[in-house]
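The listed protein sequences correspond, in order, to chains S and Y.
If you read the first sequence in our numbering, its first letter stands for residue 986, the second for the next number, and so on.
If you read the second sequence in our numbering, its first letter stands for residue -16, the second for the next number, and so on.
Where is the CB? At the ideal position from N, CA and C, for every residue including glycine.
Take a look at the structure below.
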Amino acid sequence: MTAVKKMSSFDVNKVRADFPVLAQTVNGKPLVYLDNAASSQVSNLVIERGAKYLAEEHSNIHRGVHYLSQHATSAYEAAREKVKRFINAPSAKECIFVRGTTEGVNLVAYSYGRKFIGEGDEIILSQMEHHANIIPWQVLAEEKGAKIRVIPMNERGELIIDEYENLLNERTKIVAVSHVSNSLGTINPVKEMIATAHKFGVPVFVDGAQAVPHFPVDVQDLDADFYTFSGHKMFAPTGSGVLFGKKEFLNKMPPYQTGGGMIRTVSFEKTTYAPIPEKFEAGTPAIAAGIGLGAAVDYLNSIDFEAAAKYEHELVEYATERLSAIEGVKIIGTAREKASVLSFTIENVHPHDIGTILDQQGIAVRAGHHCAQPVMQFFDVPATARASFAFYNTHEEVDKLADAVQKVIEVFA
Amino acid sequence: MSELNDLYQEVILEHNKNPRNFREIETATRTADGNNPLCGDALRVYVEMDGETVKDVAFKGSGCAISKASASMMTQTVKGKTRAEAETIFDEFHKMVTGELDAETDENSLGKLKIFAGVLEFPARVKCASLSWHTLHAALNEEAEVSTE
């Protein structure tokens, strides 16, 4: 935490005007939206792009010879190109559209896992994973007789990297780890973790759901074998998401779901599959959402995303400073490298009650276990209240949060 | 803030701080576990029956102020009642917090439990208020657990 607050040149008010949802009042108070780690809001650019598609371009993509279908197809594939550039993937073919991070994990656990992971093999996860990056691997391990190994964390909520290195061995078949923890905000050193795994010839799957909305991600620089994220956490509609995978893996993986759109030829004797990405995209996808994801990338490119990320980082530091100063408040997750998330508890007040009282002040936070029960068990709390920030939040909103937390303490005094 | 005051009334805050019958009953004839996986509320209700009468009832567990206060007042209310009477109150309570019964105008035996009517304005909190009652209902019907997700 820095004592001197630097104000970056980022113009937050200009950006806020792009997000119509933020202008409303809730319970008679201006909305303070601090639930971005669950779902972030969408800009006019994304809303208008989705509306244009529905009003003027809607049609089923691929294989259509008519005007609308070709138009929809090129808009959908243009979105894939935008995503490719956004995460610096080598090729758009390596960017599979999925319905969100959860589907990205399930796809890899199901397809890669069932083919390449067997009895006695080991899967490394971390203590701070979201349930979505635990259960698909657990189901796979149960089915195959494989073993889950867990990278422990310290009291700050940072992974213990020495322990991680000790877990890697010749039985390790994959490492699946989050880039940023959804419950603690910890930024994990995934680049170094990937390099270490690669020394053992082990591929790494990164859950990037909480990273991509908060700072630029370069999958080639990370050398990630798989990297997945959700559209609805990065200012795009729900139902959009991406699984990046290196083609040498994707090409040798069997399909995840089968059906229309993912085949080359079908007879009752034999089906041959389409190349990537179609091989993993059975059925009609969420076309409007995918195009909306492309528009969200356009939006982030239009605002100087790096400056936005820097501003947001300062904001989270300010919020940490303000809440830490309140007696009775405990911050859960004090990693040295953090993004967006501020999880906290108040002495003798259940997080659910915090959530309700904050909501009455127009402040949206999340209260619960954040789909990360192993994290709650580690810190020995049933739940936390979680404020999670985006670049459109302001210092004034942080002040309102701090005042409202003070009020919670008064109600329960 | 009037709605908020309706929800977090002094009585509720006081029961949250000092829950009544917050203990185990070693001689319990029936127990049931109640879970609200969404917020992590988890409680166990202990019932000691004497024939058809609830001789003793208590609870343990963790939860928010609403669920704890509700559990506390539930135990006070049903202790000494017959099973049928307890079930009637459960039914009325459930109807009150889901808006099917107006505790002020409809005939009922809710008494001081009426203060939980305020939870109606907070749809996300209805399950917190009703968790202990569902758990009691499960215990009385010899079901082992209940989830209000």
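Between the stretch 1270 to 1283 of chain S and the stretch 1054 to 1066 of chain S there are three or more inter-stretch CB-CB distances shorter than 8 Å, so the stretches are counted as touching. The C-alpha of residue 1215 of chain S lies about 29 Å from the C-alpha of residue 130 of chain Y. Residue 1159 of chain S is a Cβ neighbour of residue 1188 of chain S, given a cutoff of 8 Å.
Note on geometry: alpha-carbon atoms of residue 31 of chain Y and residue 25 of chain Y lie some 20 Å from one another. Those residues of the stretch 1350 to 1384 of chain S placed with their C-beta closer than 9 Å to a C-beta in chain Y are 1352, 1353, 1354, 1358, 1361, 1366, 1367, 1368, ordered along the chain.
Residue 1137 of chain S carries a coil assignment under DSSP once its states are collapsed to helix, strand and coil. Taken through DSSP and simplified to helix, strand or coil, residue 1037 of chain S comes out as helix. Of S:1329, S:1384, S:1115, S:1262, the smallest CA-CA separation from residue 1076 of chain S is found for S:1262.
Between residue 1115 of chain S and residue 1288 of chain S, the alpha-carbon positions lie close to 30 Å from each other.
Contact between residue 1017 of chain S and residue 1349 of chain S holds, with the beta-carbon distance rounding to 7 Å and staying under 8 Å.
Using a Cβ-Cβ cut-off of 8 Å, residue 48 of chain Y counts as an interface residue toward chain S, since at least one Cβ of chain S sits closer than that to its own.
Using a 10 angstroms sphere on the CB of residue 18 of chain Y, the tally of other CB atoms reaches 16 or more, which defines it as buried. Annotation: residue 1379 of chain S to residue 15 of chain Y spans about 47 Å, alpha carbon to alpha carbon. Put simply, the CB of residue 53 of chain Y is far from chain S, with every gap to its CB atoms at 8 Å or more. Here DSSP, grouped into helix, strand and coil, assigns residue 18 of chain Y to strand. When the Cα atoms are used, residue 997 of chain S and residue 1118 of chain S turn out to be separated by approximately 33 Å. Interface criterion met: the Cβ of residue 45 of chain Y is under 8 Å from a Cβ in chain S. Per DSSP, residue 1234 of chain S is one residue of the alpha helix (DSSP H) stretching across 1232 to 1235. Under the criterion of beta carbons closer than 8 Å, residue 1086 of chain S and residue 1213 of chain S qualify as touching, at roughly 5 Å. Only those residues of the stretch 1008 to 1020 of chain S whose C-beta falls short of 7 Å from the nearest C-beta of chain Y would be listed, and there are none.
A Cβ-Cβ distance of about 5 Å is found for the pair residue 1265 of chain S and residue 1081 of chain S, placing them in contact under the 8 Å criterion. Contact residues of the stretch 94 to 116 of chain Y toward chain S are 105, 107, 108, 111 (C-beta to C-beta distance below 9 Å). Contact annotation, residue 1314 of chain S with residue 1308 of chain S: C-beta distance approximately 5 Å; criterion of less than 8 Å satisfied.
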